[in-house]
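Here the structure is laid out as structure tokens; the discussion comes afterwards.
Protein chains: 4
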Amino acid sequence: MTEIKEIIQELIKFRNERDWEQFHNPKDLALAINIEASELLELFLWKNADEADKEKVKEELADVFAFAFLLANKYKIDVKEIVLEKIKKNGEKYPVAKAKGTAKKYDEL
Amino acid sequence: MTEIKEIIQELIKFRNERDWEQFHNPKDLALAINIEASELLELFLWKNADEADKEKVKEELADVFAFAFLLANKYKIDVKEIVLEKIKKNGEKYPVAKAKGTAKKYDEL
Amino acid sequence: MTEIKEIIQELIKFRNERDWEQFHNPKDLALAINIEASELLELFLWKNADEADKEKVKEELADVFAFAFLLANKYKIDVKEIVLEKIKKNGEKYPVAKAKGTAKKYDEL
Amino acid sequence: MTEIKEIIQELIKFRNERDWEQFHNPKDLALAINIEASELLELFLWKNADEADKEKVKEELADVFAFAFLLANKYKIDVKEIVLEKIKKNGEKYPVAKAKGTAKKYDEL
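Chains as they are written, first to last, in this note's numbering: chain S, 4 to 112; chain Y, 4 to 112; chain L, 4 to 112; chain F, 4 to 112.
So, in structure tokens, the structure goes:
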């Protein structure tokens with residue numbers, strides 16, 4: 004079994020033991036990802052870029068991943084496949100010759 | 004090499020070809036995760052829980068994962084390890100006997 | 004009529020002309036606030052604190068306010084009243100003697 | 004003095020008593036708006052659209068408004084003006100004849 008499948012298996016075991024699948028519709032999972040992402044963001048609020056507490060980052064980032072994996076699972080999405088596809092797509096939007104060394108959005112390049 | 008390391012390797016290759024590491028400090032990566040999570044959320048806005056367009060979900064979820072993996076990599080965080088640790092921790096906050104079948108937060112159980 | 008009531012009146016006129024009240028339940032309005040707040044945040048991504056484009060900030064901030072006013076209206080909430088009450092409450096959480104000059108959260112003071 | 008100016012005056016008084024202006028750069032204020040918007044969103048998580056606790060909505064919505072007003076003030080932005088301008092602009096993007104009764108985005112109309 005791949006690493007990501009193993010993680011998802013553990014998340015589903017945890018969820019099912021608590022009978023929580025009934026709450027985990029795609030929309031609320033998207034809300035949950037946002038809420039956890041925002042708790043992660045709060046660790047950087049009023050701070051310089053590298054002043055967040057790493058142990059807390061681990062916890063909040065874990066929550067982001069947990070709900071992101073659960074949403075992927077809900078749609079039977081293969082995480083590796085969609086990320087690699089997006090990299091390919093972004094390669095077209097951000098060709099090296101134009102995008103190198105600049106943080107501009109593709110529509111401003 | 005594990006699946007997640009492979010994904011991160013591809014993300015870093017893409018980033019380095021464009022010389023973007025200079026922009027990818029932890030704080031802005033946390034912003035990026037939030038921005039992508041919110042674009043994912045928008046696919047559900049004004050809709051029922053299961054009415055989002057799956058192809059668009061794939062793209063936005065891929066972006067969430069991409070920046071989440073890059074932030075993990077920035078801190079040398081092992082994704083599998085932190086998710087499994089968080090599951091364990093949540094097992095204590097949400098014991099089955101109390102949490103089964105309810106969506107209440109741990110401080111309301 | 005107060006300034007805020009005037010703004011809300013215009014927002015409702017716009018909404019009703021389009022028959023959009025049916026979509027504006029409290030939960031989706033909360034989603035909309037988050038989505039607009041995130042578009043505002045994107046104007047600062049990969050940038051120094053003061054490098055956002057002011058004209059774009061105006062537009063995205065206007066969207067945040069628009070949905071925040073609509074949610075306030077949905078619950079018959081008086082904006083001035085709740086903000087002044089929150090200031091009072093925060094005054095207790097963040098007494099001047101403890102909070103002066105520090106960005107720490109109240110539970111770390 | 005208008006209602007909004009009064010609110011902002013109180014927010015600034017609170018901020019200055021604590022010497023917090025040093026932390027309130029535009030980027031971190033945008034982060035703060037997102038974090039508060041997300042705490043508001045959490046009140047709706049795993050719930051039906053109208054099941055949030057109104058008293059908690061008041062508190063979190065107050066926080067969203069507080070930071071949104073502070074950001075407006077930072078840029079010397081007139082809140083009423085930008086919202087009315089955005090309504091006008093949205094009127095062009097969403098003409099009544101096309102947008103009535105549908106929640107589609109303007110680029111799908």
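In this text, a Cβ means the ideal position worked out from N, Cα and C, and glycines have one as well.
| query | result |
| --- | --- |
| What residues in the segment 19 to 33 of chain L bring their beta carbon closer than 8 Å to a beta carbon of chain Y? | Phe26 and Asp31 |
| According to DSSP, is phenylalanine 26 of chain S helix, strand or coil? | coil |
| Run down chain L in chain order and give the residues with a C-beta less than 7 Å from the C-beta of asparagine 37 of chain Y. | Ser41 and Leu44 |
| Using a Cβ-Cβ distance cut-off of 7 Å, determine whether tryptophan 106 of chain L contacts chain S. | A small correction: the amino acid at residue 106 of chain L is alanine; tryptophan does not occupy that position in the sequence shown. By this cut-off, alanine 106 of chain L is an interface position. |
| Tell me, please, whether the CB atom of lysine 74 of chain L is closer than 7 Å to any CB atom in chain Y? | The sequence as given places leucine at residue 74 of chain L; lysine does not occur at that position. By this cut-off, leucine 74 of chain L is not an interface position. |
| Could you compute how far the alpha carbon of arginine 18 of chain Y sits from the alpha carbon of leucine 64 of chain L? | 31 Å |
| If contact means a Cβ-Cβ distance below 8 Å, which residues of the segment 42 to 71 of chain S contact chain F? | Glu42, Leu44, Glu45, Phe47, Leu48 and Trp49 |
| Can you give, in chain order, each stretch of the alpha helix (DSSP H) that sits fully within the segment 23 to 94 of chain L and has at least 4 residues? | 29 to 45 and 57 to 77 |
| To the nearest angstrom, report how far apart alanine 40 of chain L and isoleucine 11 of chain F are at their CA atoms. | 19 Å |
| Of all the options Y:Asp56, Y:Ile90, Y:Ala33 and Y:Trp23, which has the alpha carbon lying nearest to the alpha carbon of phenylalanine 72 of chain S? | Y:Ile90 |
| What did DSSP end up calling alanine 102 of chain S once you bin it into helix, strand or coil? | helix |
| Relative to the alpha-carbon of leucine 34 of chain Y, which residue among S:Leu34, S:Lys59, S:Ile36 and S:Phe47 has its alpha-carbon at the smallest distance? | S:Phe47 |
| So the alpha helix (DSSP H) leucine 112 of chain S belongs to, where does it begin and stop? | Note, leucine 112 of chain S: premise wrong, no alpha helix (DSSP H); not H, not E. |
| Return the chain-ordered list of same chain residues with a C-beta closer than 6 Å to the C-beta of lysine 101 of chain L, the five sequence neighbours on each side being excluded. | Leu112 |
| With C-beta atoms as the reference, is valine 82 of chain L less than 7 Å away from phenylalanine 68 of chain F? | yes |
| Along chain F, which residues have their Cβ under 8 Å away from the Cβ of leucine 87 of chain L? | Ile10 and Glu13 |
| What first and last residue would you give for the alpha helix (DSSP H) that runs through arginine 18 of chain Y? | 6 to 20 |
| Identify which residue in F:Asn51, F:Lys79 and F:Lys77 has its Cα closest to the Cα of phenylalanine 26 of chain S. | F:Asn51 |
| Report the neighbours of alanine 100 of chain S on chain Y: residues whose CB is nearer than 7 Å to its CB, in chain order. | Simply none; closest approach about 10 Å. |
| Mind reading off the beta-carbon distance from aspartate 66 of chain F to glutamate 42 of chain F? Whole number of angstroms is fine, and I expect it under 8 Å. | 7 Å |
| Among residues of its own chain, excluding the 5 on either side of asparagine 76 of chain L, which ones have a beta-carbon nearer than 6 Å to its beta-carbon? | Ile11 |
| I'd like to know whether the C-beta atoms of isoleucine 36 of chain L and phenylalanine 70 of chain L end up nearer to each other than 7 Å. | yes |
| Taking proline 29 of chain S and alanine 55 of chain Y to be in contact with their CB atoms under 8 Å, please state how far apart those CB atoms are, rounded to whole angstroms. | 6 Å |
| Quick one: is lysine 96 of chain F near chain L, going by C-beta distance under 7 Å? | no |
| Mind checking valine 86 of chain L: buried by the 16 CB within 10 Å criterion, or exposed? | buried |
| Just mark aspartate 31 of chain S as buried or exposed, buried being the case when its beta carbon has 16 or more other beta carbons within 10 Å. | buried |
| Within its chain, find whatever has a CB closer than 6 Å to the CB of lysine 92 of chain S; leave out the 5 residues flanking it on each side and keep chain order. | none |
| Mind listing the chain Y neighbours of tyrosine 78 of chain S? Cutoff is C-beta to C-beta under 7 Å, in chain order. | Lys57 and Val60 |
| Using 7 Å as the limit for Cβ to Cβ distance, is lysine 103 of chain Y near chain S? | yes |
| Between isoleucine 38 of chain Y and tyrosine 78 of chain Y, what straight-line distance do the alpha-carbon atoms span, to the nearest angstrom? | 20 Å |
| Beta-carbon of glutamate 6 of chain Y versus every beta-carbon of chain S: anything under 7 Å? | yes |
| For glutamate 9 of chain L and lysine 8 of chain F, what's the separation of their Cα atoms in angstroms? | 15 Å |
| Between the alpha carbons of aspartate 53 of chain S and lysine 96 of chain Y, how many angstroms are there, rounded? | 29 Å |
| Can you give me the C-alpha to C-alpha distance between threonine 5 of chain Y and aspartate 110 of chain S, rounded to a whole angstrom? | 35 Å |
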